[in-house]
Ligand code: FES
């Protein structure tokens, strides 16, 4: 992993709900933190001894360079990531990466519809802060099981641009594409973040209502379950254009695995096809895309995720 870590200190910690902790981080001394755009996330070195790294969205106002805010849901099946974050206390030190972003606010849209499911509020909250600051036209729809399980309700419920939708609330406040998103509009962008089932519902409903794929921006916290993900796995060769080196990618192995095993300093982070850190350009061969982050246009331009995608051709040449 090619990370230059930033050392931060936890200066604020509060339990926003029984399962969500909100953490405020500052740099050492009075140093400003690196700039970030709304929608960005950071890698967090949760446990340096175990090499445990997790990705969390920055949810504070992007214009505030004095601190970063994270909100972390305690996963029921935590493998140490969210549990470790919940154990942090004020004064603890935490290493994080520089912010990265593949979920930014569209420059082309004049109106922005933000649709959050549960903890998916985090990047969209940063977007709401940024859009509010620039006086842009936006709406935030925050869907959650209940008020008690929702973070940030106190700061959002009086904002006329925000609508809260609780599963245990009356029928007339439930989220629906027809009522809350409406018909396609070429000047509007939709942004979706939340659990997989929620995102699939919103995205497929929006497509069903006629919204084109380019209008829907999404960020997943977990890879899409794909029953076909390992079917037809064969062996193929990756050739690196800059060095001429060739590496065999075996069945069940990722391109990234093969490159790292070969001693190549390839970029990566999540290794699940959701962060975009491993994207490289394909120069020759036929890629078999299995990520959920590249748009059709990016794929057509030759972009490729080494951690999750493979090849249909026997040789794939990469710009590495
Ligand atoms: S390492 Fe995150 S998408 Fe590949």
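Numbering (this note's numbering), first residue to last: 2 to 321. All residues carry an ideal CB built from backbone N, CA and C; glycine is no exception. Treat the numbers as computed from the prediction; the structure is a model and nothing was measured.
TODO: Can you give me the start and stop residues for the beta strand (DSSP E) that residue 85 sits inside?
DONE: Where residue 85 is concerned, there is no enclosing beta strand (DSSP E), although the alpha helix (DSSP H) it sits in stretches over 82-87.
Task: Alpha carbon of residue 190 to alpha carbon of residue 246, nearest angstrom - done: Using only the alpha carbons, I get a separation of about 42 Å.
TODO: Return yes when the Cβ of residue 81 is within less than 9 Å of the Cβ of residue 48, no when it is not.
DONE: Yes.
- [ ] Report the residue ranges of all alpha helix (DSSP H) runs contained in full by the stretch 64-130; include only those spanning at least 4 residues, in chain order.
- [x] Listed in chain order, they are 82-87.
Open item on the list: Assuming residue 190 is part of the alpha helix (DSSP H), what are its boundary residues?
Closed with: Here residue 190 belongs to no alpha helix (DSSP H); instead the beta strand (DSSP E) covers 189-195.
- [ ] Check residue 229 in the structure and name its three-state DSSP category.
- [x] Residue placement at residue 229 cannot be trusted, given a pLDDT of 47 that sits under 50; the coordinates are not used to answer.
Open item on the list: For residue 315, count the other beta carbons within 10 Å of its own beta carbon; 16 or more makes it buried, fewer makes it exposed. Which is it?
Closed with: Answer is exposed; the Cβ neighbour count stays below 16.
- [ ] Determine the DSSP secondary structure at residue 273, reduced to helix, strand or coil.
- [x] In this structure, residue 273 counts as coil in the three-state DSSP scheme.
- [ ] Can you grab the Cα-Cα spacing for the pair residue 156 / residue 163, in whole Å?
- [x] Approximately 10 Å, taken between the alpha carbons.
Task: Cβ contact check for the stretch 29-43 and the stretch 108-117: 3 or more pairs under 8 Å - done: As far as the Cβ criterion goes, the stretch 29-43 does not touch the stretch 108-117, which means the pair count is below three.
TODO: Have a look at residue 210 and residue 185 and give me their C-alpha separation to the nearest angstrom.
DONE: Distance between the alpha carbons of residue 210 and residue 185: 7 Å.
- [ ] Compare the Cα-Cα distances from residue 309 to each of 319, 299, 152, 290 and report the closest residue.
- [x] Of 319, 299, 152, 290, the smallest CA-CA separation from residue 309 is found for 290.
- [ ] Tell me, please, whether the stretch 72-91 touches the stretch 133-148 by the rule of three or more beta-carbon pairs shorter than 8 Å.
- [x] With a cut-off of 8 Å, the stretch 133-148 and the stretch 72-91 do not count as touching, because too few Cβ pairs lie within range.
Open item on the list: Considering only their Cβ atoms, is the gap separating residue 72 from residue 153 smaller than 9 Å?
Closed with: In this structure, residue 72 lies closer than 9 Å to residue 153 by Cβ.
TODO: Going by DSSP, name the residue or residues bridged to residue 56.
DONE: Per DSSP, the beta bridge partners of residue 56 are 44.
Task: For residue 133, three-class secondary structure by DSSP - done: Here residue 133 sits in helix by DSSP.
TODO: With a threshold of 16 other CB atoms inside 10 Å of the CB of residue 205, please say whether the residue is buried or exposed.
DONE: Under this definition residue 205 is an exposed residue.
Open item on the list: Here's the rule I'm using: 16 or more other beta-carbon atoms within 10 Å means buried, otherwise exposed. How should residue 272 be labelled?
Closed with: Residue environment for residue 272: buried (at least 16 other C-beta atoms within 10 angstroms of its C-beta).
Open item on the list: Measuring straight from C-alpha to C-alpha, what distance separates residue 95 and residue 132?
Closed with: Near 29 Å, if we compare the C-alpha coordinates of residue 132 and residue 95.
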